[in-house]
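Single-structure report; data block below.
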Amino acid sequence: MALEKFKKQPWEEFVIAGSIEEVVDTGELIDIPNCDVTAVDMSDDSDSTADVIDSPTIEKDDTLHYLKVRVKGGVDLEDHKITFKIATQDNNQYEIDVIMKVRET
């Protein structure tokens with residue numbers, strides 16, 4: 111899936127979504143127990159999931175085919191790769207990478 115990016119300031123917290131709308135068949139549903147969202151600090155490839163994602167907020171929308179997570183924190187000048195691993199009830203698996211650039215402006 112396409113690699114996208116967005117910027118946020120360290121204090122900001124908001125919801126982002128990983129969408130598979132363009133690739134799924136009509137009626138294909140996301141299988142939440144088999145989905146995951148993680149984050150990696152790109153400066154050293156360390157796991158930064160707990161630092162920048164509120165993982166319990168993983169949600170789905172039965173008609174729009176996306177996962178939502180709330181991003182938080184981060185330190186100025188850090189870049190994090192957020193990876194959505196989305197499984198469907200038809201046993202298809204998709205991966206979406208998003209770069210979160212933390213910048214104090």
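The working numbering puts the first residue of the sequence shown at 111, with every later residue one more than the last. Backbone N, C-alpha and C fix where the C-beta goes; we use that ideal spot for every residue, glycine too. Being a predicted model, the structure only gives us computed values, none of them experimental.
For the candidate residues the options, whose alpha-carbon lies nearest to that of residue i?
| i | options | result |
| --- | --- | --- |
| glycine 128 | Gly137, Ile142, Pro120 | Ile142 |
| glycine 184 | Ile163, Asp155, Glu138, Lys195 | Ile163 |
| glutamate 122 | Asp161, Tyr204, Thr148 | Asp161 |
What residues in its chain sit with their C-beta under 8 angstroms from that of residue i, if we drop five residues either side in the sequence?
| i | result |
| --- | --- |
| arginine 213 | Lys117, Lys118, Gln119, Asp186, Leu187 |
| valine 125 | Thr167, Lys178, Val179, Arg180, Val181 |
| asparagine 202 | Val134, Glu138 |
| serine 153 | Glu188, Asp189 |
Does the Cβ-Cβ distance between residue i and residue j come in under 8 angstroms?
| i | j | result |
| --- | --- | --- |
| threonine 198 | isoleucine 140 | yes |
| valine 181 | methionine 210 | yes |
| aspartate 69 | glutamate 138 | Any answer about residue 69 is impossible in this case: the structure gives the chain only from 111 up to 215. |
| threonine 159 | threonine 148 | yes |
Who are the near neighbours of residue i in its chain, counting only those whose CB is closer than 7 angstroms to its CB and skipping five residues on each side?
| i | result |
| --- | --- |
| tyrosine 204 | Met111, Ile130, Val133, Ile196 |
| histidine 175 | Ser129, Ile130, Glu131, Val134, Ile140 |
| threonine 215 | Gln119 |
| asparagine 144 | Ala197 |
So who's on the other strand from residue i, going by DSSP bridges?
| i | result |
| --- | --- |
| arginine 213 | In DSSP, arginine 213 forms no bridge with anything. |
| lysine 182 | Lysine 182 is not bridged to any residue. |
| glutamine 203 | Ala197 |
| serine 129 | Tyr176 |
Just to check my reading of the structure: residue i and residue j have Cβ atoms closer than 8 angstroms, yes? What is that Cβ distance to the nearest angstrom?
| i | j | result |
| --- | --- | --- |
| lysine 115 | valine 150 | About 14 angstroms; that fails the 8 angstroms criterion. |
Using a Cβ-Cβ cut-off of 6 angstroms (strictly less than) and excluding sequence neighbours within five positions of residue i, which residues of its own chain qualify?
| i | result |
| --- | --- |
| valine 208 | Glu114, Ile192 |
When you compare the CB of residue i with every CB in chain B, is at least one pair closer than 8 angstroms?
| i | result |
| --- | --- |
| serine 158 | Among the chains of the structure shown, chain B does not appear; only one protein chain is present. |
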